[in-house]
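Note that the sequence shown covers residues 723 to 823 in the numbering used here.
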Amino acid sequence: MVLHKEMNIGKDDLIPVQEVLKEFKDELLSIERLPYVLTNNDLKNMFQVSDSTLNRLIKLTDFPPCWYGVRGHYLRDDVLAWLERRNYEAFIEEMKLLRSV
723 MVLHKEMNIG
733 KDDLIPVQEV
743 LKEFKDELLS
753 IERLPYVLTN
763 NDLKNMFQVS
773 DSTLNRLIKL
783 TDFPPCWYGV
793 RGHYLRDDVL
803 AWLERRNYEA
813 FIEEMKLLRS
823 V
């Protein structure tokens, strides 16, 4: 292809479409394998954080509310939507205020 010659990209440098599709499929399946309702332990494993960090994240950010008011249980889809937004600025500001006290 002319495009490859102009950009100095060889055939071996391109990721085969099958690999990209497999990675995408694996990611979707891993999301589907998550329980419908996530517990604090699920979240700690997902985020790879300690209890105290998870508690701060839940209390000091716009983290989704508990599932039907059950403490420590969160709807998977709400958590995933929150992750997509990834706005940690409020959390960082709250942490700065706490540390200054």
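All residues carry an ideal CB built from backbone N, CA and C; glycine is no exception.
The model shown is predicted, which means the values in this text are computed figures rather than measured ones.
Per the C-alpha coordinates, the member of 742, 821, 745 and 806 positioned closest to residue 786 is 806. The region 744-759 makes no contact with the region 771-781; the number of CB pairs closer than 8 Å stays below 3.
Taking 7 Å as the cut-off, the beta carbon of residue 789 is found closer than this to the beta carbon of residue 759. Residue 821 and residue 793 have their C-alpha atoms some 27 Å from each other. In this structure, the alpha-carbon of residue 770 lies about 15 Å from that of residue 801. For residue 771, there is no enclosing alpha helix (DSSP H), as DSSP marks it with neither H nor E.
The three-state secondary structure of residue 742, taken from DSSP, is helix. With respect to the 7 Å criterion, residue 776 and residue 765 are classified as neighbours on the basis of their beta carbons.
The C-alpha of residue 752 is placed about 11 Å away from the C-alpha of residue 768.
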